[in-house]
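J.: First, the structure itself, so that you have it in front of you.
Number of protein chains: 2
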Amino acid sequence: MVTLVELLKSRRSIRDFQDKAVPLKIVEEVLQECTLAPSASDGQPCMFSIINCKNTMRALSDESKANLLDDFAKNKTTLNPAYAEVLKDKNFNVFYNAPCLIYIIGSKNVGSLDWDCALAACYIMLSAIERGLGTCWVHLGSYIRNPQTKALLGIPDGCRIVAPIIIGYPKEIPAASERHAPKILKVIS
Amino acid sequence: MVTLVELLKSRRSIRDFQDKAVPLKIVEEVLQECTLAPSASDGQPCMFSIINCKNTMRALSDESKANLLDDFAKNKTTLNPAYAEVLKDKNFNVFYNAPCLIYIIGSKNVGSLDWDCALAACYIMLSAIERGLGTCWVHLGSYIRNPQTKALLGIPDGCRIVAPIIIGYPKEIPAASERHAPKILKVIS
Chain L
25 MVTLVELLKS
35 RRSIRDFQDK
45 AVPLKIVEEV
55 LQECTLAPSA
65 SDGQPCMFSI
75 INCKNTMRAL
85 SDESKANLLD
95 DFAKNKTTLN
105 PAYAEVLKDK
115 NFNVFYNAPC
125 LIYIIGSKNV
135 GSLDWDCALA
145 ACYIMLSAIE
155 RGLGTCWVHL
165 GSYIRNPQTK
175 ALLGIPDGCR
185 IVAPIIIGYP
195 KEIPAASERH
205 APKILKVIS
Chain X
25 MVTLVELLKS
35 RRSIRDFQDK
45 AVPLKIVEEV
55 LQECTLAPSA
65 SDGQPCMFSI
75 INCKNTMRAL
85 SDESKANLLD
95 DFAKNKTTLN
105 PAYAEVLKDK
115 NFNVFYNAPC
125 LIYIIGSKNV
135 GSLDWDCALA
145 ACYIMLSAIE
155 RGLGTCWVHL
165 GSYIRNPQTK
175 ALLGIPDGCR
185 IVAPIIIGYP
195 KEIPAASERH
205 APKILKVIS
């Protein structure tokens, strides 16, 4: 019997995938399960775009890198200098070699959007394990703002990408990163 | 054998609890497990305060309600008018009758803090189930800003509360709210 803790422990961020497509039906099942995640006032604000095409993912990676580097050059964002160098490498694909990408999207008017989408992302990352899939939340892939690209992805006006989640069959399961003990600031009892 | 999906399905937001304390050791186990949650660049920025005392929780509820109503009166925040009326009720405890509260806290300098804390919250909510516990993320309890209270909770300068999670033994498990099908905006394959 697999316990919940074993499942939580078995989740890894996966950045190296088998050359094997993820059937759309499986992605849809994962998204169906992530609707079980809680959301503020049960608002269920998350929307999704599924990109099951490596060429499109490559173009999205290029656009996201270019926009982020542009923000960085204009001091609109901070960026670890090591990351900036990596992003300038034309061969670097922020989505690695993943076969599939899910964008979690929502309305800018929803105050709890970041939390709601992160909870849905958590459910996606756990549901994927059950199906032998691996995932990684790739924030670097969220800098999409060209109107044509947003239209291609079906992103409605007034909405934004919160979480880009890559998904695929892992080549191998890496060791877990070391976790420090929980930082408990105070216990009041 | 309990599958992950069954576990995800069994999670509910719990707002009515047995009059039974949660042993601190159990809370610490849950927090230990939530360190397994992913975080941006493996930054592991979450910190925790545990309030295992109903009187202190009552005082925190009163302060949070007062601050939120003050923000609302000064047009610093929007609030569902129905909520505003409920908050004005002196008998209303935003933490319901829960015996225990975990504040998830982090530095304002961490750009990914809301996502990181929401992922930790998700792990807490799932780990709790394994131990027969129920939880609810109570955003209304996060409006703590009096310096004395922040000191009492051990909140360091430059840090903020992201997620107040109540935790306890459920009186009953309510039915799940109805979920709509995942809103899939586009499939590109």
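Those protein sequences? They're chains L and X, same order as listed.
Residue numbering for the first sequence follows the numbering used here, beginning at 25 and increasing consecutively.
Residue numbering for the second sequence follows the numbering used here, beginning at 25 and increasing consecutively.
Glycine included, every Cβ here is placed at the ideal spot set by N, Cα and C.
Ignore the nearest five residues each way along the sequence and tell me which others in C58 (chain X)'s own chain have a CB closer than 7 Å to its CB.
T.: For C58 (chain X), where only same-chain residues beyond five positions count, the Cβ hits under 7 Å are A144, Y147, I148 and S151.
J.: Using a cut-off of 8 Å between C-beta atoms, extract the partners of R203 (chain L) located in chain X.
T.: T59, L60 and Q68
J.: Mind checking who K49 (chain X) pairs with in its DSSP beta bridge?
T.: BP columns for K49 (chain X) are empty, so no partner.
J.: Would you grab the beta carbon distance between R184 (chain X) and I129 (chain X) for me? Rounded to a whole angstrom, and I think it's under 8 Å.
T.: 7 Å
J.: Where in the region 117-178 of chain L do unbroken runs of the beta strand (DSSP E), each at least 3 residues long, occur, reported from the N-terminal end onward?
T.: 124-131 and 158-161
J.: Given Y167 (chain L), which residues of its chain have a CB within under 7 Å of its CB, disregarding the five upstream and five downstream residues?
T.: S88, N91 and L92
J.: Which residue spans inside the region 66-111 of chain L form an unbroken alpha helix (DSSP H) run of at least 4?
T.: 78-97
J.: G165 (chain X) to L84 (chain X), Cα distance in whole Å?
T.: 7 Å
J.: Can you list, in chain order, the residues of its chain with a C-beta nearer than 8 Å to that of P62 (chain L)? Leave out the 5 residues immediately preceding and following it.
T.: L143
J.: Any beta-carbon of chain X closer than 8 Å to the one on L92 (chain L)?
T.: no
J.: Hey, I179 (chain L) and T159 (chain L): beta-carbon distance below 8 Å or not?
T.: no
J.: Tell me, to the nearest whole angstrom, how far the beta carbon of P188 (chain L) is from that of L125 (chain L); I am working on the premise that it is less than 8 Å.
T.: 6 Å
J.: Name the DSSP beta bridge partners of R36 (chain X), please?
T.: According to DSSP, which records beta bridges pairwise, R36 (chain X) is partnered with nothing at all.
J.: What separation, rounded to the nearest whole angstrom, lies between the Cα atoms of Q42 (chain X) and Y193 (chain X)?
T.: If I take the Cα positions, the gap works out to 6 Å.
J.: For K89 (chain X), would you say it is in contact with chain L, using Cβ-to-Cβ distances shorter than 8 Å as the test?
T.: Taking Cβ atoms only, chain L never reaches closer than 8 Å to K89 (chain X), which makes this a no.
J.: Tell me, to the nearest whole angstrom, how far the beta carbon of L55 (chain L) is from that of F72 (chain L); I am working on the premise that it is less than 8 Å.
T.: 6 Å
J.: Taking just the CA atoms, how far does P171 (chain L) sit from L28 (chain L)?
T.: Looking at the backbone, the Cα of L28 (chain L) and that of P171 (chain L) are separated by about 42 Å.
J.: List, in order along the chain, the chain L residues whose C-beta lies closer than 8 Å to that of D138 (chain X)?
T.: D138, W139 and A142
J.: If we count the other Cβ atoms within 10 Å of its Cβ and call it buried at 16 or more, is D181 (chain X) buried or exposed?
T.: exposed
J.: Quick one: measure Cβ to Cβ for R35 (chain L) and I208 (chain L), integer angstroms, because I've assumed they're closer than 8 Å.
T.: So it is not a contact: roughly 23 Å between Cβ atoms.
J.: Which residue or residues does DSSP assign as beta-bridge partners of V211 (chain X)?
T.: L:I74
J.: Under a CB-based cut-off of 8 Å, is E109 (chain L) close to chain X?
T.: no
J.: Looking at N121 (chain L): is its Cβ nearer than 8 Å to the Cβ of D40 (chain L)?
T.: yes
J.: Determine, using beta carbons only, whether G178 (chain L) comes closer than 8 Å to chain X.
T.: yes
J.: Just the Cα atoms here: how many angstroms apart are K100 (chain X) and G135 (chain L)?
T.: When the Cα atoms are used, K100 (chain X) and G135 (chain L) turn out to be separated by approximately 13 Å.
J.: List, in order along the chain, the chain X residues whose C-beta lies closer than 8 Å to that of Q56 (chain L)?
T.: A205 and P206
J.: Please state the DSSP three-state secondary structure of A64 (chain X).
T.: helix
J.: Just to confirm, are D140 (chain L) and C70 (chain L) a CB contact at a threshold of 8 Å?
T.: yes
J.: Note down the Cα distance separating L31 (chain L) from K114 (chain X), rounded to an integer number of angstroms.
T.: A direct Cα-Cα distance of roughly 43 Å separates L31 (chain L) from K114 (chain X).
J.: How would you write the range of the beta strand (DSSP E) that G216 (chain X) sits in, first residue to last?
T.: Because residue 216 (chain X) is not part of the residues shown, which for chain X are 25 to 213, the question remains open.
J.: Quick check on P123 (chain L): buried or exposed, where buried means 16 or more other Cβ atoms within 10 Å of its Cβ?
T.: buried
J.: From L111 (chain L) to D95 (chain L), what distance separates their C-alpha atoms?
T.: Across the structure, L111 (chain L) and D95 (chain L) are spaced so that their CA atoms are roughly 13 Å apart.
J.: List, in chain order, every chain L residue whose beta-carbon is nearer than 8 Å to that of I74 (chain X).
T.: I208, K210, V211, I212 and S213, listed in chain order.
J.: Only counting the same chain, and skipping five residues up and downstream in sequence, which positions put a Cβ closer than 7 Å to that of N117 (chain L)?
T.: R82 and S85
J.: Here's a check: name, in chain order, each residue in its chain whose Cβ is nearer than 8 Å to the Cβ of K44 (chain X), leaving out the five neighbours to either side.
T.: Cβ-Cβ distances below 8 Å link K44 (chain X) to P123, G192 and Y193 in the same chain, with the five nearest sequence neighbours on each side left out; the list follows chain order.
J.: Residues of chain L with a CB under 8 Å from the CB of E154 (chain X): which are they?
T.: T27, L28 and V29
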